[in-house]
Amino acid sequence: MTPSSIRPVWVGTSWKMNKTLAEAATFVDELLAVPIPSGIQVFVLPPYTALASVRSRVPEDSPILLGAQNAHWAPEGSWTGEISMRMAKDAGATLIETGHSERREHFGETDRTVARKAAAAVAYGLIPLICVGEPLAVRDEGGAEDFVRVQLQIALSELAPAEISQVLIAYEPIWAIGEHGIPATIDQVAPVMALISDVVTVAAGGPVRAVLYGGSVSTQNAREVLSDPNTHGLLVGRAAWQASGFIELLKLCAPLSGAGAGQSTIYSRTLPWTTTAALL
Ligand code: PGA
64 MTPSSIRPVW VGTSWKMNKT LAEAATFVDE LLAVPIPSGI QVFVLPPYTA
114 LASVRSRVPE DSPILLGAQN AHWAPEGSWT GEISMRMAKD AGATLIETGH
164 SERREHFGET DRTVARKAAA AVAYGLIPLI CVGEPLAVRD EGGAEDFVRV
214 QLQIALSELA PAEISQVLIA YEPIWAIGEH GIPATIDQVA PVMALISDVV
264 TVAAGGPVRA VLYGGSVSTQ NAREVLSDPN THGLLVGRAA WQASGFIELL
314 KLCAPLSGAG AGQSTIYSRT LPWTTTAALL
């Protein structure tokens, strides 16, 4: 049995710096109007400004998880412009994205801050979604796997094995992301996904929650990417910013999930996991 047949397929979108409250509400209403295909674990990462309002529109028992695109490691304090894990959780986040290449490039995110944020997220009972991925020059020199291995090892360095097994990893080659991104081929993706699988399995002492691929995912390449046995889901930007595009992707991915095998665990907004540290 392949890993993707014993887990849900995770399909999520980060809205990045997009959507007013009204636009966010329109998206959510359109998404809620269609049944979520079974076997798909859906998540949406709105901007902070829309997180609480999206949370209030999504029913408690909905299988749509929400998350923040970033949050600080400190519990509170003088960190102008930041929000804490506690605040993100209070606003409706279950997932905390960390280490996205746009944050690394433009906002000084480093492997060390990613590690601190991943640990803080876990301490608050949140799921870190750790993004890793190499620049084009590194890939061209044949260094993609070494680059990602180091990013990953540092990102996981503050977590215990049991905590590592709870994280989500997203492999997003920088050159594949965004408007000018070149969609990666399965041949380029598969070896890195295998490497990630090895690194996290050793670090966690078993399988992790899921490893996703992101970077110019669309209806054109989603199924091909998910045919890789080490790829358990998709992190989608532009192709999912309209609800119709997101819904199309969810339907496309449904046949690739473990639905029917009776082994997929789909989480709802009411979390089955708890806070692990007395930080609240
Ligand atoms: P994209 O963004 O799908 O628009 O390339 C993906 C991401 O940055 O996570």
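Numbering (the working numbering), first residue to last: 64 to 343. Quick reminder that beta carbons are idealized off the backbone N, C-alpha and C, glycines included. On a predicted model such as this, the values are computed, not experimentally measured, just so you know.
- Leaving aside the five residues that flank A266 on each side, the residues in its chain whose CB is nearer than 7 Å to its CB run, in chain order, L219, P224 and I227.
- Each of Q251, E168, W73 and G277 was checked against the Cα of A302, and the nearest Cα belongs to G277.
- Here the C-alpha atom of P98 lies approximately 39 Å from the C-alpha atom of A207.
- Non-local beta-carbon contacts of V262 in its own chain, meaning distances under 7 Å to residues more than five positions away in sequence, involve R212, L215 and Q216 in chain order.
- Beta-bridge partners assigned by DSSP to F106: G75 and L128.
- Taking 8 Å as the cut-off, the C-beta of S307 does not count as close to any heavy atom of the ligand PGA.
- Within the stretch 209 to 247, the complete beta strand (DSSP E) segments of 3 residues or longer fall at 231 to 234, listed in chain order.
- A straight line joining the alpha-carbon of S331 with that of I159 spans about 16 Å.
- In the DSSP assignment, the residues bridged to G277 are L298.
- Apart from sequence neighbours up to five positions away, the residues of its chain that approach G268 with a beta-carbon distance below 6 Å are P224, ordered along the chain.
- Check the Cα spacing between A115 and each of K152, M80, P138 and G144: the tightest is with K152.
- Taking one beta carbon from each stretch, the stretch 168 to 181 and the stretch 121 to 129 have fewer than 3 pairs nearer than 8 Å; the two do not touch.
- Your pair C316 and L289 checks out as a contact, with CB atoms roughly 6 Å apart and the cut at 8 Å.
- Bounds of the alpha helix (DSSP H) holding T264 are I249 to A267.
- Approximately 6 Å separates the beta-carbon atoms of I103 and V74; this is inside 8 Å, confirming the contact.
- Approximately 6 Å separates the beta-carbon atoms of T76 and F309; this is inside 8 Å, confirming the contact.
- Comparing C-alpha distances from M256 to each of S281, H295 and T282 shows the shortest one belongs to H295.
- The alpha-carbon separation between I259 and D124 amounts to approximately 32 Å.
- For the pair V195 and I232, the CB atoms are nearer than the 9 Å cut-off.
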